[in-house]
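Numbering (the working numbering), first residue to last: 1274 to 1402. Accompanying notes for the structure given below.
Here it is as structure tokens:
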């Protein structure tokens, strides 16, 4: 039986929130400060740098919120899981549309990452109800 905290939040979900924070920051920093070079690693040409920087800022916001919420109440987790599900689902749709109109093959790795996180968030959203 998984270990639960006093707020009925599994310890594993708290760990996933910390992992999500780390992953978001790892991607956010280069997107904000070096978007052209970072996107080139994935075969993506940065025609303009505003959009990748905004994505980086969104990652800081969502990842940062994950970090600060990790020791909060069940209600805080419920709200954050809803946000994460909306964000990851919208990102998957946007990435699939991009792949349909001719994005680089590396887009599938990014889509896969969002899909894995989305599945994790859905699992825990249903579990903590």
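Each residue gets a CB set at the ideal place from its N, CA and C atoms; glycine is no exception.
- Check the Cα spacing between residue 1333 and each of 1312, 1306, 1348 and 1350: the tightest is with 1306.
- Just so you know, the alpha carbons of residue 1385 and residue 1350 end up roughly 23 Å apart.
- Between the region 1355-1366 and the region 1309-1322, the count of Cβ pairs shorter than 8 Å is below three; the stretches do not touch.
- Take the alpha-carbon of residue 1373 and the one of residue 1304: they are about 23 Å apart.
- Distances from the CA of residue 1300 to each of 1387, 1396 and 1391 were compared; the closest alpha carbon is that of 1387.
- Check the Cα spacing between residue 1318 and each of 1389, 1338, 1375 and 1284: the tightest is with 1375.
- Per the coordinates, the alpha-carbon of residue 1383 lies some 8 Å from the alpha-carbon of residue 1368.
- Of all alpha-carbon atoms in 1346, 1302, 1311 and 1329, the one lying nearest the alpha-carbon of residue 1284 is that of 1346.
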